[in-house]
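Visitor: Just remember that this note's numbering sits 489 ahead of the position in the sequence shown, which is counted from 1. Note that CB positions come from ideal geometry on N, CA and C, so glycine has one too. Okay, here's the structure, questions in a sec.
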Amino acid sequence: MARLQLNFPEDQFYYSTPMSVRVTDINAANHLGNDSMISMISEARARFLFEFGVAETERDGTGIIVTDLATTYRAEAHARDQLLFEVGVMDFNKYGGDIIFRISRPLDRKLVAMAKSGFVFYNYKTNQVVMMPEDFRGKFDRVNWID
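Right under this line is the structure:
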C-alpha cells in the first residue's frame, strides 16, 4: 500500500498557535497518541477559525463540517513538549476546501506531523451542503482554487 504524502505550499499558512502535550495525551508507547493529536488538530482548527472571525455555526444554521482528515507523523512528541501548530487553507472550491496543518517542536526544530482536514459549508437546519460564504472566501486572498 502506498504511503500518504502531504506537502503544502508555504504561502498558504495564515496562523500559528502553540500547545503543550499533556501527560494525559501520552499513549502506552510513551509518546503523543493519535487520538490526542486529532484532538489537538481540532483545537488548532477552532482557534484558527475564531481568529479569522468564523463562527462555528451562524444564526441561519450554516457552519463548517469536517469531511475527512489525513495525518502523517514524522517524529514522536512527549509529555510537556511545546508544539507549534501552523494552520492554513488551500484547494478551495465552491463548497469548501482543505484546512492544513504543520506541527513542529520549536525547541529542536523537528517536524512532528503534517495534516489536512477537508471541510464543506453545511446548513445544520436544512441538513444540506451550501455554497462557501463570500465573507469567508474574502479572508484568504492567497488561497488557490480548484474546480
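Once DSSP output is grouped into helix, strand and coil, what is the label at Arg631?
Guide: As a first step, residue 631 is located in the sequence shown; it is residue number 142 there, counting from the start. Arg631: coil per DSSP, three-state reduction.
Visitor: Could you tell me which residues DSSP puts in a beta bridge with Glu575?
Guide: For the purposes of this step, residue 575 is identified with residue 86 of the sequence shown, where counting begins at 1. For Glu575, which the question treats as bridged, DSSP gives the partners Ser505 and Arg591.
Visitor: Taking buried to mean at least 16 other C-beta atoms within 10 Å of its own C-beta, is Phe539 buried or exposed?
Guide: Residue numbering aside, residue 539 sits at position 50 when the sequence shown is read from its first letter. Looking at its Cβ environment, which holds fewer than 16 other Cβ atoms inside 10 Å, Phe539 is exposed.
Visitor: Asp549 bridges to which residues according to DSSP?
Guide: Along the sequence shown, one-based indexing puts residue 549 at 60. Partner(s): none; Asp549 has no beta bridge.
Visitor: Would you check if the segment 545 to 559 and the segment 600 to 612 touch, i.e. whether three or more CB-CB distances between them fall below 8 Å?
Guide: yes
Visitor: Do Ile592 and Val578 have their C-beta atoms within less than 8 Å of each other?
Guide: Position 103 of the sequence shown, counted from the first residue, corresponds to residue 592. Position 89 of the sequence shown, counted from the first residue, corresponds to residue 578. It is not a contact, given that the beta carbons lie outside the stated cut-off.
Visitor: Taking the C-alpha atoms as reference points, what is the distance between Ile553 and Met603?
Guide: The count along the sequence shown starts at 1 and reaches residue 553 at position 64. The count along the sequence shown starts at 1 and reaches residue 603 at position 114. When rounded, the distance between both Cα atoms is 21 Å.
Visitor: With 16 other CB atoms within 10 Å as the buried threshold, where does Ile635 fall?
Guide: Within the sequence shown, residue 635 is the residue found at index 146, counting from 1. With fewer than 16 other beta carbons inside 10 angstroms of its own, Ile635 counts as exposed.
Visitor: From the DSSP output, read off the bridge partner residues of Ile599.
Guide: Sequence index remark: in the sequence shown, residue 599 carries index 110 (1-based). Looking at the sequence itself, residue 599 is Lys, so the reference to Ile does not match. Answer is Arg594.
Visitor: Which of the three DSSP states is assigned to Val510 in this structure?
Guide: Indexing the sequence shown from 1 puts residue 510 at position 21. Val510: coil per DSSP, three-state reduction.
Visitor: Near Ala568, what residues of its chain come up, given a Cβ to Cβ distance below 8 Å and the 5 sequence neighbours on each side ignored?
Guide: Numbered from its first residue, the sequence shown carries residue 568 at position 79. Once the five neighbours on either side are set aside, the close Cβ partners of Ala568 are Val510, Arg511, Val512, Asp514 and Ile515.
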